[in-house]
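These notes are about the structure you will find just below.
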Amino acid sequence: MSDSSTSFKVNLVAADRPVWSGEATYAVIPAQSGGMGILINHEPILTVVAKGEVRVKPTQGDDVYFEVNDGFAAFDSNKLTIAVEQCTKGEAK
Amino acid sequence: MASQLAFKSRIESTQSLAKIFKAQEMIAASHIAKARSVALDAKPYSDAIDDAMMSLVAHTKISHPIFEKKEKNNPNVAVMAITADRGMAGAYTSSIIRETEGLLSRLDQDGKKPELYVFGRRGVSYYKYRNRDVEQTWEGDSDKPGVEVAEKISKALLDAYMKPAAKGGVSELYIVFTEFINMVVQKVRILRMLPVELVEHSDAEQEADAALGETVGQDKIPPLYTFEPSAEEVLDAVLPRYVQSRIHECLLTSAASETASRQNAMHTATDNANDLIDELTRKLNASRQASITQELTEIISSADALSKEE
Chain W
644 MSDSSTSFKV NLVAADRPVW SGEATYAVIP AQSGGMGILI NHEPILTVVA KGEVRVKPTQ
704 GDDVYFEVND GFAAFDSNKL TIAVEQCTKG EAK
Chain V
2 MASQLAFKSR IESTQSLAKI FKAQEMIAAS HIAKARSVAL DAKPYSDAID DAMMSLVAHT
62 KISHPIFEKK EKNNPNVAVM AITADRGMAG AYTSSIIRET EGLLSRLDQD GKKPELYVFG
122 RRGVSYYKYR NRDVEQTWEG DSDKPGVEVA EKISKALLDA YMKPAAKGGV SELYIVFTEF
182 INMVVQKVRI LRMLPVELVE HSDAEQEADA ALGETVGQDK IPPLYTFEPS AEEVLDAVLP
242 RYVQSRIHEC LLTSAASETA SRQNAMHTAT DNANDLIDEL TRKLNASRQA SITQELTEII
302 SSADALSKEE
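Written as structure tokens, this is what we have:
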């Protein structure tokens, strides 16, 4: 069950395909100045994504990791969109 | 009889051609599904970029060269034609080339100096054969253009656009491509890609959205964004990707059109080959019948002659 009071929508897309989408309670994106954590009701933001690792904590199941390369992320009305050039599934560290 | 043999060999060769056409048609049909799914897969990314562009435009006073070229009277413009790598696609490449030629002469009349960029082996060989100056060409993958191709092309075109006029920079960029409307209809379009003109949602479209029960009213106003690290840097990061994703879109819809027109052309070719086989078979039968009739006449008349002598 997704709890709408603690979770938000995450949509991770690469240039050639959609990668992951679903409900999450927490996400970390590699902004240029370092990792940026996003929780529900974060202020609307549009940020440049550098090379790094995206971590998403879904409402159910284990955290998912992705290696991403160059792109940007937008968060508004509890919907996080991460659009990157390249994306591969990463490993938990 | 010689003519019968000739008919037979023509029928045989037409039959093998018909088989090839049929196979090509089936190959094209299977590629269509692939081209469609690739286009669908790329859609979320371009949607995300469009959304980001909309919010950037709504919240920043944009003065980026991509929107407005500083050198207004630079006559150099770039024209990019998207053609096919292989033939057997009916009028696909020739209609692209016709439109491109029309555009080039229109630009010439306006006192501009068009530079040509060509994608696809057929278009490249057309211009090479005619010794025309082509600025840059790309070949391969016209039926399944990947992100890498779009990246290469958009980088080259943006470089040309960003260069100052004195160094051979261009002030506008046109793309001639084929829009995939449906399996039967594909339309050649000319798109002015640069400088970018952002299409904001018109009132009519909003009403249409509202009628469909989609988000209405205040949801349409983009929220107040924070830009990280700064609006300019976000703009610098998003804009080239916007152009790249638009070019990729053009390549994808062209690839789908190419495959569809190849399928149509091969279908027509198969039909024509079958018609030809029918006609040749009729002629073969007629000629065989004629030779039988002639033999019969000869036998009967010689028998008649013999019986008269008795």
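Sequence lines, in order, name chains W and V. Residue 699 in our numbering sits at position 56 of the first sequence; the count goes up by one each step and never skips. Residue 307 in our numbering sits at position 306 of the second sequence; the count goes up by one each step and never skips. Cβ atoms here follow ideal geometry from the backbone N, Cα and C, with glycine treated the same way. On a predicted model such as this, the values are computed, not experimentally measured, just so you know.
Quiz prompt | Test: W:GLN675 CB closer than 8 Å to a CB of chain V | solution = As a first step, residue 675 of chain W must be located in the first sequence, where it is residue number 32. Yes - at least one Cβ of chain V is within 8 Å of the one on W:GLN675.
Exercise. Establish whether the CB of W:VAL656 and some CB of chain V are separated by less than 8 Å.
Key: Within the first sequence, the letter at position 13 stands for residue 656 of chain W. By this cut-off, W:VAL656 is an interface position.
Practice problem: Excluding the 5 residues preceding and the 5 following V:ARG242 in the sequence, name in chain order all residues of the same chain whose CB lies nearer than 8 Å to its CB. | Solution: Numbered from its first residue, the second sequence carries residue 242 of chain V at position 241. Same-chain partners within the cutoff: ILE50.
Quiz prompt | As assigned by DSSP and simplified to three states, the class of V:PHE68 | solution = As a working note, residue 68 of chain V is residue 67 in the second sequence. Three-state DSSP puts V:PHE68 in coil, outside helix and strand.
Exercise. Could you check which residue in V:LYS168, V:MET267, V:LEU253 and V:LEU281 has the C-alpha nearest to that of V:ASN77?
Key: Position 76 of the second sequence, counting from 1, holds the residue named residue 77 of chain V. Cα-wise, what sits closest to V:ASN77 is V:LYS168.
Quiz item: Which of the three DSSP states, helix, strand or coil, is assigned to V:LEU195?
Solution: For this step, residue 195 of chain V is matched to residue 194 along the second sequence. Three-state result, V:LEU195: strand.
Quiz item: Nearest to W:VAL691 by CA position, among V:LEU104, V:ALA232 and V:LYS20, is which residue?
Solution: Taking the first residue of the first sequence as 1, we reach residue 691 of chain W at position 48. Closest by alpha carbon: V:ALA232.
Self-check item: Neighbouring residues, chain W, relative to V:ALA53 (Cβ below 7 Å)
Solution: By one-based count along the second sequence, residue 53 of chain V stands at place 52. Within chain W, LEU689, PHE715 and ALA717 have C-beta atoms less than 7 Å from the C-beta of V:ALA53, given in sequence order.
Quiz item: Where does the unbroken alpha helix (DSSP H) through V:TYR226 begin, and where does it stop?
Solution: As a position in the second sequence, residue 226 of chain V is number 225, starting the count at 1. Neither: V:TYR226 is in no alpha helix (DSSP H) and is coded neither H nor E.
Quiz item: Do we get a CB-CB distance below 8 Å when we pair V:GLY170 with the residues of chain W?
Solution: By 1-based counting over the second sequence, the position of residue 170 of chain V is 169. Output row for V:GLY170: interface = no.
Quiz item: For V:LEU277 versus V:PHE8, is the C-beta distance shorter than 8 Å?
Solution: Within the second sequence, residue 277 of chain V is the residue found at index 276, counting from 1. Within the second sequence, residue 8 of chain V is the residue found at index 7, counting from 1. It is not a contact, given that the beta carbons lie outside the stated cut-off.
Exercise. Return the bridge partner residues of W:ILE725 from the DSSP annotation.
Key: On the first sequence, position 82 is the one that residue 725 of chain W refers to. According to DSSP, which records beta bridges pairwise, W:ILE725 is partnered with W:LEU655 and W:ALA716.
Exercise. Give me the Cα-Cα distance between W:GLU734 and W:SER650, rounded to the nearest whole angstrom.
Key: On the first sequence, position 91 is the one that residue 734 of chain W refers to. On the first sequence, position 7 is the one that residue 650 of chain W refers to. Cα to Cα, the separation comes out at about 23 Å.
Quiz item: chain W partners of V:ASP42, CB-CB under 8 Å?
Solution: In the second sequence, residue 42 of chain V corresponds to position 41, counting from 1. Under the 8 Å cutoff, chain W gives ASP659, ARG660 and PRO661.
Quiz item: To which residues of the same chain is V:THR261 closer than 7 Å at the C-beta, ignoring the five residues directly before and after it?
Solution: Your numbering for residue 261 of chain V matches position 260 in the second sequence. Strictly speaking, residue 261 of chain V in this sequence is Ala, with Thr absent from that position. Taken in chain order, the residues that qualify are ILE33, PHE181, MET184 and GLN187.
Exercise. Assign V:THR271 to one of three DSSP states: helix, strand, or coil.
Key: Counting from one through the second sequence, the residue named residue 271 of chain V turns up at place 270. Residue state, collapsed to three classes: helix.
Quiz item: Going by DSSP, which residues form a beta bridge with V:LYS114?
Solution: Working through the second sequence from its first residue, we reach residue 114 of chain V at position 113. Partner(s): V:ASN77.
Quiz item: How is the beta strand (DSSP E) around W:GLN664 delimited, first residue to last?
Solution: One-based indexing of the first sequence puts residue 664 of chain W at position 21. One point to set straight first is that residue 664 of chain W is Ser, not Gln, in the sequence displayed. Element bounds for W:SER664: 661-674.
Quiz item: Going by other Cβ atoms of all chains shown within 10 Å of its Cβ, with 16 needed for buried, is V:ILE300 buried or exposed?
Solution: One-based indexing of the second sequence puts residue 300 of chain V at position 299. By the 16-neighbour rule on beta-carbons within 10 angstroms, V:ILE300 is exposed.
Quiz item: Are the Cβ atoms of V:VAL150 and V:LEU252 separated by less than 8 Å?
Solution: Numbered from 1 along the second sequence, position 149 holds the residue referred to as residue 150 of chain V. Numbered from 1 along the second sequence, position 251 holds the residue referred to as residue 252 of chain V. In contact: V:VAL150 and V:LEU252 (Cβ atoms closer than 8 Å).
Exercise. Write down every uninterrupted run of the beta strand (DSSP E) in the segment 10-48 of chain V whose length is 3 residues or greater and which is fully enclosed by it, in chain order.
Key: none
Exercise. Please confirm if V:PRO241 has its CB atom under 8 Å from at least one CB of chain W.
Key: Working through the second sequence from its first residue, we reach residue 241 of chain V at position 240. Any Cβ of chain W closer than 8 Å to the Cβ of V:PRO241 would place that residue at the interface, and such an atom is absent.
Quiz item: To which residues does DSSP link W:LYS732 through a beta bridge?
Solution: Locating residue 732 of chain W in the first sequence gives position 89, where the first residue counts as 1. Looking at the DSSP assignment, W:LYS732 forms a beta bridge with W:PHE709.
Quiz prompt | 7 Å Cβ cut-off: residues of chain V touching W:ALA726 | solution = Mapped onto the first sequence, residue 726 of chain W falls at position 83. Those within 7 Å of W:ALA726 in chain V are TYR46, ALA49 and ILE50.
Quiz item: What's the C-alpha gap between V:PHE22 and V:GLY121?
Solution: As a first step, residue 22 of chain V must be located in the second sequence, where it is residue number 21. As a first step, residue 121 of chain V must be located in the second sequence, where it is residue number 120. About 22 Å.
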